[in-house]
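Report on one structure; see the data block that follows.
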């Protein structure tokens, strides 16, 4: 390996690090996320049900959007974020200049985009060198949610929420519920609501020979469970404490909290839970630092 190759690879890494810093700065100015997607976070949200071994493929480097374990080490464009990556990165860069054939990387594919299992440094060097395609061993995960390069976790969560809402509307056709009012912002909320309705259906069906339909149970759930809790949310003005959330979001939070608290305080009401929730989350009227300044002014 020549000294020239070592110097060139060192320069290449420094340039890539500089690009990482610029990308992060630019994304911050544009209020965008410069991070790679985490495979764990993505699969936790979209919950793929099947995986298929696809074997060896040549994949588009620009469609690699995330990583299984190194998503904090590289930017969204796979530029290295940490100096500690230099040694491994430069050795792969030198191999590129020497035309050394490296092992294929290993990736998960979700709807045409890829998450690196093994080979993050090789992808980073390939990106920096303008390489368009790379050999990869591919395992495909199924998903109904569309993904593409540049997608942020916030956008992904919104897509999942809308997908789940549309699935609920398609399956249950809830003309019997005010769906313009019942709007969630968190993945998993609509399936959780269905579970609440089914539990309510189970209890009101006790002692009745014929099973009541889902629509009847849903109307009863809305009138006897959901609406009273939303009334408590409104009376305590809880929504003002959580900008960007909805009454339906707070309904789920309060129900979860109520279930937890009832284990210790069996007779506690939802209104009392709402009051506790308000007290815990109400912003302080004055911060400690500001109080310190005020106290100093009073002394002088």
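Residue numbers (this note's numbering): 1 to 300.
All C-beta atoms in this analysis are idealised placements derived from N, C-alpha and C, irrespective of residue type, glycine included.
In this text the structure is predicted, and so the values were computed from the model without any measurement.
Three-state secondary structure assigned by DSSP to residue i
| i | result |
| --- | --- |
| residue 131 | coil |
| residue 226 | helix |
| residue 188 | coil |
| residue 77 | coil |
| residue 175 | coil |
| residue 203 | helix |
| residue 303 | Any answer about residue 303 is impossible in this case: the structure gives the chain only from 1 up to 300. |
| residue 183 | coil |
| residue 257 | helix |
| residue 140 | strand |
| residue 151 | coil |
| residue 31 | Its pLDDT being 40, under 50, residue 31 is placed unreliably in this model, and the coordinates cannot settle the point. |
| residue 58 | strand |
| residue 242 | coil |
| residue 212 | coil |
| residue 100 | coil |
| residue 90 | helix |
| residue 68 | coil |
| residue 41 | helix |
| residue 110 | strand |
| residue 50 | coil |
Whether residue i touches residue j by CB criterion (7 Å)
| i | j | result |
| --- | --- | --- |
| residue 37 | residue 69 | no |
| residue 46 | residue 186 | no |
| residue 39 | residue 133 | no |
| residue 212 | residue 205 | yes |
| residue 163 | residue 145 | yes |
| residue 215 | residue 176 | yes |
Beta-carbon separation (whole angstroms), residue i vs residue j, contact threshold 8 Å
| i | j | result |
| --- | --- | --- |
| residue 190 | residue 141 | Contact flag wrong, Cβ pair sits at about 22 Å. |
| residue 136 | residue 57 | 6 Å |
| residue 148 | residue 113 | 6 Å |
| residue 54 | residue 138 | 4 Å |
| residue 100 | residue 61 | Their Cβ separation, rounded to whole angstroms, is 18 Å, which puts residue 100 and residue 61 out of contact at 8 Å. |
| residue 64 | residue 74 | Wrong, their Cβ atoms sit about 10 Å apart, outside the cutoff. |
| residue 241 | residue 233 | Going by Cβ atoms, the distance from residue 241 to residue 233 rounds to 10 Å, so no, they are not a contact pair. |
Any non-hydrogen atom of the ligand GTP closer than 6 Å to residue i Cβ
| i | result |
| --- | --- |
| residue 237 | Of ligands this structure carries none, so the ligand GTP is not represented either. |
7 Å CB neighbourhood of residue i in its chain, flanking five on each side removed
| i | result |
| --- | --- |
| residue 118 | 105 and 106 |
| residue 49 | 142 |
| residue 224 | none |
Own chain residues within Cβ distance below 8 Å of residue i, not counting five before or after
| i | result |
| --- | --- |
| residue 102 | 92, 95 and 122 |
| residue 209 | none |
Close beta carbons around residue i, own chain, < 6 Å, minus the five adjacent residues each side
| i | result |
| --- | --- |
| residue 51 | 139 and 141 |
| residue 310 | No answer is possible for residue 310: the residues shown for the chain start at 1 and end at 300. |
| residue 168 | 190 |
Practice problem: Please confirm if the region 195–208 is in contact with the region 218–235, defined as three or more CB-CB distances below 8 Å between the two stretches. | Solution: yes
Quiz item: Just checking, does the region 83–96 make contact with the region 154–162 on the three C-beta pairs under 8 Å criterion?
Solution: no
Practice problem: Say whether the region 241–260 touches the region 167–187, bearing in mind that this needs 3 or more beta-carbon pairs closer than 8 Å, one atom from each stretch. | Solution: yes
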